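Each step along the sequence shown adds one to the number in UniProt numbering, with nothing skipped, and position 243 is 243.
Backbone N, C-alpha and C fix where the C-beta goes; we use that ideal spot for every residue, glycine too.
Keep in mind that this is a model prediction, so the values were computed, not measured.
Heads up: the structure comes next, in structure tokens.
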Amino acid sequence: MPRVSAYWSVARASFRQYSTYRMATAAGVFTNSVFGLIRASILLAAIHAAGGELRGYDALQAATYVWLGQALLAPIEAFGTREISQRVHQGDVAVDLLRPTHLLGMFYAQKLGRAGFLLLARGIPPMLVGAVLTGLALPSDPLSYLVGAACLLLAITVAFLGDAMINLASFWLVETRGLSVVYMAVMNLLSGFLIPIAWFPDWLAAIARATPFPSMVQTPIDALSGRIPPIEALALLGEQTAWALVLTVAAVLMLRIGVRSLEVQGG
């Protein structure tokens, strides 16, 4: 219980910390809305050129896909983070390892607090913009929202674990920015953030579905939009859970091996 209380305190502190950046939040909402309009225009043009429907998406469904994707952009931190790698390179991780909380648990708690604020402050407002400008196709079944909320939590978790593994590579690499850029590009493509995976060529869709990336974006969007019925979405929820467990084991192993070879620069 004490550790759970500590993680809860970290999550709350992270939420409060990000709630103080009001100007940055407003700028993020504006930017997110503008890019949402650009993405929606591109997808709607593609559907119009295809005759009003493209691989199961009509104009309203495509617009909904865009705005839900924009809402997820900040909470899952699709452009990556560098805090863990910076603490490793600066030697501050030695202090983190002395704390009674697990290093990954502490950063996950920070992630949840941060994601909670970003979802409310930078995710929902662009969706409201989308609802006014393009309209949204939202499910009528309340169960879709419950399953969608679970999918959203697991999407944030899987995204955190993938990003954490890239950061943990700093135990062996002097610089991880290049690796982060490659990971970010691959994740944004294979997760379905840029375009729905249903629009991929068959070979690329097969590759994407063999990775955890769709669990970060495509799955929560399909569940929250009601494009997939709640019962079918439960199978995707199970797939997300499986990826979360696999990545948790991989991240913990990376951390343990990295700690064994840890050498703090400067002494």
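When secondary structure is reduced to three states using DSSP, L68 falls in the helix class. Distance from the CA atom of L234 to the CA atom of V217, rounded to whole angstroms, is 16 Å. At a cut-off of 3 residues, not a single continuous stretch assigned as beta strand (DSSP E) sits fully inside the segment 147 to 226. Comparing alpha-carbon positions, the option among I124, A205, T64 lying closest to A26 turns out to be I124. Note on geometry: alpha-carbon atoms of E77 and A155 lie some 11 Å from one another. With 16 or more other CB atoms across the displayed protein chains lying within 10 angstroms of its CB, R227 is buried.
By the neighbour-count criterion, in which 16 or more other beta carbons inside 10 Å mark a residue as buried, Q61 falls on the buried side. Following the DSSP letters along the chain, one finds P230 inside the alpha helix (DSSP H) bounded by residues 230 to 260. Of T157, W172, L118, the smallest CA-CA separation from Y21 is found for L118. Look at Y57 here: in three-state DSSP terms it is strand. The alpha-carbon separation between L43 and M165 amounts to approximately 32 Å. A direct Cα-Cα distance of roughly 32 Å separates R177 from R3. Less than 8 Å divides the Cβ of G113 from the Cβ of R12. Contact annotation: I197 and A205 have beta-carbon atoms nearer than 8 Å. Counted as a single uninterrupted DSSP element, the alpha helix (DSSP H) harbouring Y108 occupies residues 103 to 118. In this chain, the alpha helix (DSSP H) harbouring A40 covers 22 to 49.
Within a 10 Å sphere around the beta-carbon of P126 sit 16 or more other beta-carbons, which makes this residue buried.
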